[in-house]
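Take a look at the structure below.
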Amino acid sequence: MSERPFLRVLVTGSTTWDNPDTIRRALSPLPPHSVIVTGDTPGADACAMAVATELGLTVQRMQKNRADQLAFPGEAWRGLNQRMLDTGIDLVLAFHADYGKPGCARGTVHMVELAQRRSAEVRIFRE
Numbered sequence: 434m435s436e437r438p439f440l441r442v443l444v445t446g447s448t449t450w451d452n453p454d455t456i457r458r459a460l461s462p463l464p465p466h467s468v469i470v471t472g473d474t475p476g477a478d479a480c481a482m483a484v485a486t487e488l489g490l491t492v493q494r495m496q497k498n499r500a501d502q503l504a505f506p507g508e509a510w511r512g513l514n515q516r517m518l519d520t521g522i523d524l525v526l527a528f529h530a531d532y533g534k535p536g537c538a539r540g541t542v543h544m545v546e547l548a549q550r551r552s553a554e555v556r557i558f559r560e
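Rendered as structure tokens:
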């Protein structure tokens with residue numbers, strides 16, 4: 434974890450995630466002034482933005498861009514995942530009910546694997 438007095442926390446997960454209580458329980462114990470980094474999709478991303486704002490945490494919302502689309506045709510989320518991690522993430526919180534099921538949660542699995550290769554702490558929530 435970081436030696437800063439706050440954390441940079443990346444939230445990733447299902448575009449159909451609709452359980453703000455789980456996200457609230459995960460974000461509530463974070464140090465004040467922590468920054469929540471997330472993408473621009475519905476589900477876990479949108480829920481995390483709402484909960485983080487409610488808790489008074491800073492939100493950094495990132496979007497897929499043209500470079501992502503060119504580097505990963507049809508899978509621009511791969512580029513976005515890399516760019517989000519490049520912002521200096523301490524902790525990744527992954528919210529996906531189908532995580533670990535074959536053929537499911539491709540974007541979330543990709544993020545978790547990238548984060549683990551970079552030695553970031555990862556926590557996975559399935560409910």
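For this note's numbering, add 433 to where a residue sits in the sequence shown, where the first one is 1.
Glycine included, C-beta positions come from ideal geometry on N, C-alpha and C.
How is the alpha helix (DSSP H) around residue i delimited, first residue to last?
i	result
Glu487	Ala477 to Glu487
Leu513	Trp510 to Leu518
Taking the straight line between their C-alpha atoms, what separation do you get for residue i and residue j?
i	j	result
Val555	Gly507	26 Å
Arg550	Leu526	15 Å
Phe439	Trp450	26 Å
Would residue i be called buried (16 or more neighbouring beta carbons within 10 Å of its own) or exposed?
i	result
His466	exposed
Ser461	exposed
Asp473	exposed
Starting from residue i, follow its DSSP beta bridges and name the residues at the other end.
i	result
Thr491	Val468
Ala527	Thr445 and Ile557
Is there at least one Cβ from chain B nearer than 8 Å to residue i's Cβ?
i	result
Thr471	Note that chain B does not occur in the displayed structure, where there is just one protein chain.
Pop quiz: residue i and residue j are said to be a contact at Cβ under 8 Å. What is the actual Cβ separation, rounded to whole angstroms?
i	j	result
Lys497	Ala509	4 Å
Ile456	Ala481	5 Å
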